[in-house]
Ligand SMILES: NC(=O)c1ccc[n+]([C@@H]2O[C@H](COP(=O)([O-])OP(=O)(O)OC[C@H]3O[C@@H](n4cnc5c(N)ncnc54)[C@H](OP(=O)(O)O)[C@@H]3O)[C@@H](O)[C@H]2O)c1
Ligand SMILES: NC(=O)c1ccc[n+]([C@@H]2O[C@H](COP(=O)([O-])OP(=O)(O)OC[C@H]3O[C@@H](n4cnc5c(N)ncnc54)[C@H](OP(=O)(O)O)[C@@H]3O)[C@@H](O)[C@H]2O)c1
């Protein structure tokens, strides 16, 4: 649009973060560096860390909601979203507010928030496709998915998106449904494989191949995320169950092929090998 | 040893390759560049490729064995080793020869070769832990495992090992048994996961995380190896079956944990979710 004025340009925002866990803290760091002013609240007490960072921390939700944020950023675990939303007295809000969530599943928060938020609030659903580990050397080229569910204040919304744009993220606008379908096939599958490898306690060996080193990396990085995050990817993404099934079917197929080769190669050992499964 | 003479230094070798498939060709390339003289034989006819490369190709095994190689390098598939060995008339050999195998399992060829080779032959069992894909940009830092099973001609043996040393490989001397135990936990597991992902036909998505990109790489690289190679890793490594079992147990555990979280979170949907497994 050629009619843009100075006030349309991305500007510093008053952002309130709910859920000051690993990912909330990770996002806060970049937002502070960019000059936004941050408040936070969380189930646990982060007053000391926050004082250190220059963030006002509210122990109670009501005080947080009354503190006049333009953006409220939901960084709670997927599993606790609905409980957290239920604890919020929206009448404490002093102004129409942009709600943004960063949950790693998207249809579920969209649905919960559309039902719970006051009608004058805007809603942006997002998923930064990176975390403290993969984004520790900057966000350039990393993907940021979003859907504008209900946006009236375009300036606030685009100022918020600019936080990620300006760091070099690859911005991907898509529906929450599209996201969940793709994320089940990619991110959930990765976490699932990572959890299985963690359960197996795989470790580097002196004769690692490059491929195995990649599996160890996948294990290490998924093990750093909480089990709540992993199970949230499953419980609240309706496409994940099918992926779990597909994995199981594929594994059974591979197992069968190996068993068949064993039988072809060592017919005399057939009974012994079969009894091992 | 301070008493080494010029003749102890690594020198150019006459190397005969049996099995001129992807891996035999891959090794031949570097050996030629280093100045060794190469002959080859294989089930299929590679006369044209070999003529092109300056390699004498023998269609018949007897001719190959009579051609006076100092080293015979076995690059056949794991599954065909015993058949290939049975087709060899060792009385055709003109001189004591160093046999070297590069199979990705090690106890099995050690056993087969110790039984079949004439007693005057030396035997070196090796596993270069890389292939045409992972070694395409040079071998520096890549691992090379070996066990000297029966070596009398140290000069020929060390000249052969020097092929890999001089390319910068990390040389690892260990027993075939140690190798197989470690390789089941690393390489077999990697191929198995890669085959399952291939079976699922996973593909890049627009919202890939770094972790998922690694899984796609593992899939792509294992899919490039033959199914014979993969099944050989299983059939002829006695430690592989346990790894398959461990993987299955770990997968079941993760599946159970997810199911439990689903039941905790959505008790009303319990019956529906359970029926999906
Ligand atoms: N980590 C990543 O790489 C990443 C990337 C993209 C998106 N995300 C999303 O970001 C969100 C936060 O992720 P995370 O990595 O920080 O770990 P997480 O385990 O998914 O969530 C931790 C956060 O949830 C809060 N929480 C957990 N249970 C709660 C409950 N019963 N009541 C109230 N609050 C509760 C924690 O509060 P306290 O700390 O106060 O206990 C903490 O702030 C998740 O929705 C996740 O899907 C994460
Ligand atoms: N590829 C790798 O990355 C890699 C790395 C380290 C070690 N290795 C080992 O190197 C060896 C060769 O591997 P590869 O990647 O080339 O593929 P492969 O499928 O394991 O083996 C192919 C070779 O086996 C021969 N062969 C297969 N069946 C045969 C039969 N019934 N009779 C006679 N010869 C038969 C083929 O001969 P024709 O071509 O003449 O049909 C070809 O030379 C294997 O033992 C493998 O474990 C491979």
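Chains as they are written, first to last, in full-length UniProt numbering: chain A, 1 to 277; chain B, 1 to 277. By construction, the Cβ of each residue, glycine as well, lies at the ideal position given by its N, Cα and C atoms.
Alpha carbon of residue i to alpha carbon of residue j, nearest angstrom
i, j, result
"residue 113 of chain B", "residue 226 of chain B", "23 Å"
"residue 3 of chain A", "residue 160 of chain A", "Low confidence applies to residue 3 of chain A: its pLDDT is 47, below 50, so where it sits in the model is not reliable, and the reading given next is rough at best. The straight-line gap from Cα to Cα measures roughly 21 Å."
"residue 280 of chain A", "residue 93 of chain A", "Lying outside 1 to 277, the shown extent of chain A, residue 280 of chain A is not represented and no answer is given."
"residue 58 of chain B", "residue 26 of chain B", "18 Å"
"residue 313 of chain B", "residue 190 of chain A", "Limits of chain B in this structure are 1 at one end and 277 at the other, which puts residue 313 of chain B out of reach."
"residue 22 of chain A", "residue 42 of chain A", "12 Å"
"residue 194 of chain B", "residue 200 of chain B", "10 Å"
"residue 237 of chain B", "residue 223 of chain A", "29 Å"
"residue 83 of chain A", "residue 135 of chain A", "29 Å"
"residue 95 of chain B", "residue 70 of chain B", "8 Å"
"residue 183 of chain A", "residue 142 of chain A", "15 Å"
"residue 345 of chain A", "residue 253 of chain B", "Lying before the first or after the last residue shown, residue 345 of chain A is absent from chain A, which here runs from 1 to 277."
"residue 164 of chain A", "residue 53 of chain A", "20 Å"
"residue 276 of chain A", "residue 263 of chain A", "Any answer about residue 276 of chain A is weak, because its pLDDT of 41 lies below 50 and its placement is not dependable; what the coordinates show is given next. Their Cα atoms are separated by approximately 13 Å."
"residue 229 of chain B", "residue 128 of chain B", "14 Å"
"residue 265 of chain A", "residue 20 of chain B", "22 Å"
"residue 48 of chain B", "residue 28 of chain B", "15 Å"
"residue 181 of chain B", "residue 15 of chain A", "54 Å"
"residue 192 of chain B", "residue 44 of chain B", "28 Å"
"residue 97 of chain A", "residue 63 of chain A", "15 Å"
"residue 162 of chain B", "residue 121 of chain B", "20 Å"
"residue 33 of chain B", "residue 46 of chain B", "19 Å"
"residue 268 of chain B", "residue 205 of chain B", "In this prediction, residue 268 of chain B has a pLDDT of 45, which is less than 50 and means its spatial position is unreliable; what the coordinates show is noted afterwards. Distance between the alpha carbons of residue 268 of chain B and residue 205 of chain B is about 33 Å."
Limits of the beta strand (DSSP E) - the one that residue i falls within
i, result
"residue 170 of chain A", "170-173"
"residue 128 of chain B", "122-128"
"residue 145 of chain B", "143-150"
"residue 71 of chain A", "71-74"
"residue 225 of chain A", "First-last for residue 225 of chain A: undefined, no H or E at that position."
"residue 81 of chain B", "It is not in any beta strand (DSSP E) - residue 81 of chain B instead sits in the alpha helix (DSSP H) that spans 81-86."
"residue 98 of chain A", "98-101"
Inter-residue CB distance, residue i and residue j (contact presumed, cutoff 8 Å)
i, j, result
"residue 188 of chain B", "residue 240 of chain B", "5 Å"
"residue 99 of chain A", "residue 81 of chain A", "Their Cβ separation, rounded to whole angstroms, is 12 Å, which puts residue 99 of chain A and residue 81 of chain A out of contact at 8 Å."
"residue 280 of chain A", "residue 216 of chain A", "Past the boundaries of the shown model lies residue 280 of chain A; chain A is included only from 1 to 277, so the question cannot be answered."
"residue 35 of chain A", "residue 12 of chain A", "5 Å"
"residue 245 of chain B", "residue 179 of chain B", "Contact flag wrong, Cβ pair sits at about 20 Å."
"residue 18 of chain B", "residue 72 of chain B", "7 Å"
"residue 214 of chain A", "residue 214 of chain B", "4 Å"
Residue i vs residue j beta-carbon contact at 8 Å
i, j, result
"residue 65 of chain B", "residue 31 of chain B", "no"
"residue 90 of chain A", "residue 118 of chain A", "yes"
"residue 153 of chain B", "residue 126 of chain B", "no"
"residue 170 of chain A", "residue 197 of chain A", "no"
"residue 175 of chain A", "residue 147 of chain A", "yes"
"residue 261 of chain A", "residue 231 of chain B", "yes"
"residue 212 of chain B", "residue 258 of chain A", "no"
"residue 75 of chain B", "residue 131 of chain B", "no"
"residue 156 of chain A", "residue 116 of chain A", "no"
Beta-carbon proximity list for residue i, same chain, < 6 Å, skipping 5 on both sides
i, result
"residue 140 of chain A", "168"
"residue 55 of chain A", "38, 40"
"residue 103 of chain A", "78, 109"
"residue 247 of chain B", "none"
Residue interval of the alpha helix (DSSP H) (run including residue i)
i, result
"residue 60 of chain B", "Run containing residue 60 of chain B: none; DSSP gives neither H nor E here."
"residue 302 of chain B", "Within the shown structure, residues of chain B are numbered from 1 to 277, placing residue 302 of chain B beyond reach of any answer."
"residue 247 of chain A", "240-265"
"residue 197 of chain A", "189-199"
"residue 163 of chain A", "154-165"
"residue 53 of chain A", "47-53"
Per-residue contacts from residue i into chain D (C-beta, under 8 Å)
i, result
"residue 246 of chain A", "In the displayed structure, chain D is absent; the protein chains listed are A and B."
Close beta carbons around residue i, own chain, < 7 Å, minus the five adjacent residues each side
i, result
"residue 172 of chain B", "143, 144, 145"
"residue 243 of chain B", "184, 185, 188, 189"
"residue 158 of chain A", "10"
"residue 177 of chain B", "107"
Contacts around residue i, its chain only, beta-carbon distance under 8 Å, and the 5 residues preceding and following it disregarded
i, result
"residue 138 of chain A", "167, 168"
"residue 221 of chain A", "133, 134, 194"
"residue 60 of chain A", "41"
"residue 111 of chain B", "none"
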